[in-house]
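Enquirer: Taking the numbering used here, the leading residue of the sequence shown gets -12, the next gets one more, and so forth.
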Amino acid sequence: MSVESTSVSSDRVSFGLVIGCEWREAADGKRTEVRSPFDGRTVGEVAVASTLDVMVAVDAAEAGAAIWRRTPAHERAVILNRAADIAEQRADHIAAIISAENGKPLGEAYGEARRSGAIIRLSAYEGTQLYGDSLPLDANPGTGQDKAGFTLRQPVGIVAAITPFNYPALLVLHKVAPALASGNAVILKPATTTPLTALALAEAFIDAGVPEGVLSVLTGPGGLLGDALVTDPRVRKISFTGSTGVGERIASIAGVKKLSLELGASSPTLILPGADIEKASAAVAAGGYVNAGQVCISVQRVIVHRGIETDFLDALLPKVAEIRMGDPSAEGTTLGPLITEKEATRVEKSIEQAVSEGARLLTGGERDATFVSPAVVTGVDTRQKLAQDELFGPAVAVTTVDDFDAGIDAANGTAYGLAAGVFGGTLSEGLCAMREIDAGSIHLGWTPFWRADLMPYGGLKASGYGKEGVRSAVEEMTEVKTVIMHG
Ligand code: NAP
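1. On a CA-only basis, which of 343, 116 and 17 is nearest residue 459? Give me that one, please.
2. Which term fits residue 297, buried or exposed, when burial requires 16 or more other beta carbons within 10 angstroms of its beta carbon?
3. Please say whether residue 149 and residue 25 have beta carbons closer to each other than 7 angstroms?
4. Could you compute how far the alpha carbon of residue 457 sits from the alpha carbon of residue 72?
5. Kindly indicate the opening and closing residues of the beta strand (DSSP E) around residue 362.
6. Below 8 angstroms, can you find three or more Cβ-Cβ pairs linking the segment 214 to 230 to the segment 134 to 147?
7. Determine, using beta carbons only, whether residue 172 and residue 38 come nearer to each other than 7 angstroms.
8. Could you tell me whether the Cβ atoms of residue 311 and residue 331 are closer together than 7 angstroms?
9. First and last residue of the alpha helix (DSSP H) that includes residue 42?
10. Less than 7 angstroms between the C-beta atoms of residue 439 and residue 403, yes or no?
11. For residue 112, which option in 96, 80 and 165 has the closest C-alpha, if you only look at C-alpha atoms?
12. Check whether the segment 404 to 415 touches the segment 280 to 298, taking contact to mean three or more Cβ pairs, one atom from each stretch, closer than 8 angstroms.
13. Under 7 angstroms between the Cβ atoms of residue 388 and residue 380?
14. Taking the DSSP output, what are the residues bridged to residue 148?
15. For residue 99, which of 282, 124, 48 and 131 has the nearest alpha-carbon?
16. Could you check where the alpha helix (DSSP H) with residue 459 kicks off and where it finishes?
17. By how many angstroms is the C-alpha of residue 83 removed from the C-alpha of residue 318?
18. What residues are listed by DSSP as bridge partners for residue 407?
19. Check for me: the beta strand (DSSP E) holding residue 288 runs from which residue to which?
20. Between residue 251 and ligand 1, is there a pair consisting of the residue's CB and a ligand heavy atom that are separated by less than 6 angstroms?
21. Report yes if the CB atom of residue 290 is closer than 7 angstroms to the CB atom of residue 198, and no otherwise.
22. Taking the alpha-carbon of residue 88 as reference, which of 469, 59 and 22 has the nearest alpha-carbon?
23. How is the alpha helix (DSSP H) around residue 5 delimited, first residue to last?
24. For residue 397 versus residue 369, is the C-beta distance shorter than 7 angstroms?
25. Helix, strand or coil for residue 422, going by three-state DSSP, please let me know.
26. CB of residue 151 to nearest heavy atom of ligand 1: below 6 angstroms?
27. Compare the beta carbon distance of residue 351 and residue 341 with 7 angstroms and say whether it is the shorter of the two.
28. Let's see if you can read the secondary structure: which residues bound the alpha helix (DSSP H) around residue 243?
29. Could you compute how far the alpha carbon of residue 251 sits from the alpha carbon of residue 473?
30. One question on the structure: do residue 8 and residue 193 come within less than 7 angstroms of each other, judged by their Cβ atoms?
31. Hey, how far is the Cα of residue 202 from the Cα of residue 174?
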């Protein structure tokens, strides 16, 4: 049965699945409610896809990809730029949906939704820039000027995009927009807790004229739908953002496919002698608690030189005390709930465990249902779980070091390597940190919590491989053929 996307007010939103740009119910008619992590109220309703819907979506994508890859890049760009305009016009509505289903304060949700137009436009442009190289074949001994060679960049075909809950618009658009711009069909599987934002954005692409077959959104259980999508040989590229555990599973079953894995993190920020303490503490107080710390580039770990630790903590604590926990839709709230009570309990227990092992809780860490108050934990040894495991919660773990080398060792002392920040130090130390810290992004003079949508973005080590950022994503969602003309 075909249904309208019954998008209504921001109070309660209802959607079907998107199969090849058509709104449909799930094959078995199953639906589920989406609830607010703040107060448990129902904020929307979506269809629950099964593996049968995955098959139908991949069939549609095969047909859609064949048309879309032959659509001239300038025509694709016109449609995407129209989608950017629509997403911009609907930004306030989309922000209300983000805040309702994810629980982040409305102000943060506006910030996220209002980036949509720019991400889609940047992607639209990059999709028109599929350059190749000409090959100087005659430099190869035995080859003369009777041949000419060049490379041709083309879309991969079908991209499966699997996204997490924490930035339900941003992370969806960083996959869907470059995939469409470069001529692919996309099947999106958003997080079960935050499907409404993804569907509202899909509506913008459909309304802009993305043709039949080209875009599908399957809402439903990640394990079931993920396995079906990841193992389907017709899917050529999997672009995954989520936990390292799920990323490992995807890598183990994907077979011969292109993979981008944007995974977990435990990002460090070094505070060295000479740091602007006011600036560093303000940046940590923002980057450690935004989105209740549910950010892959959250400031999870601060590694501070012993000589300035007291000054730094004296500057940090009053700023953390200013964080206002409460109703995400209320003005002035700067810290909302975690995504589920289970997650809040996990974060609470991680902090308790660190304290039981000898760390000191200076403030926060108390749980009330889905909320955890903003915490600062000092005296954390990098070998402790609070540093080793991704926390994904509103706490900053402080480790004290006696010199620069110990700081670099601590920064590199976890399995992860997504992003790092450095304040202070000498120019030589900055240059050394840039080369020696194993992280996909290094911020000298800021924390890891910073991203421009055009910059290459992705982790090292257990934080994954592959890069996003629209130019990089277009590159990873296309393939190069070598063409030789034999005279
Ligand atoms: P998650 O549990 O790994 O889920 C991510 C997505 O994968 C969801 O759509 C989920 O569906 C789906 N999924 C679950 N099992 C699957 C399977 N077996 N095969 C394929 N897909 C499957 O992550 P999350 O809790 O939503 O998000 C938090 C994680 O994302 C953190 O680790 C964070 O660091 C990471 N993250 C990384 C970046 C980065 O750029 N490196 C950015 C943001 C977030 P269901 O929701 O239905 O389970």
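Every residue gets a Cβ at the ideal spot worked out from N, C-alpha and C, and that includes glycine. Remember, predicted model here, so these are calculated numbers, not experimental data.
Expert: Put simply:
1. The alpha carbon of residue 459 has as its nearest neighbour, out of 343, 116 and 17, the alpha carbon of 116.
2. Answer is exposed; the Cβ neighbour count stays below 16.
3. no
4. 18 angstroms
5. 362 to 365
6. yes
7. no
8. no
9. 38 to 55
10. no
11. 165
12. The segment 404 to 415 is in contact with the segment 280 to 298.
13. no
14. 175 and 226
15. 282
16. 457 to 463
17. 13 angstroms
18. 429
19. Following the DSSP letters along the chain, one finds residue 288 inside the beta strand (DSSP E) bounded by residues 288 to 292.
20. yes
21. no
22. 22
23. Careful: residue 5 lies outside any alpha helix (DSSP H), inside the beta strand (DSSP E) at 4 to 6.
24. It is a contact, given that the beta carbons lie within the stated cut-off.
25. Three-state DSSP puts residue 422 in a helix.
26. yes
27. no
28. Element bounds for residue 243: n/a, residue is neither H nor E.
29. Distance between the alpha carbons of residue 251 and residue 473: 48 angstroms.
30. A contact, by the Cβ cut-off of 7 angstroms.
31. 6 angstroms
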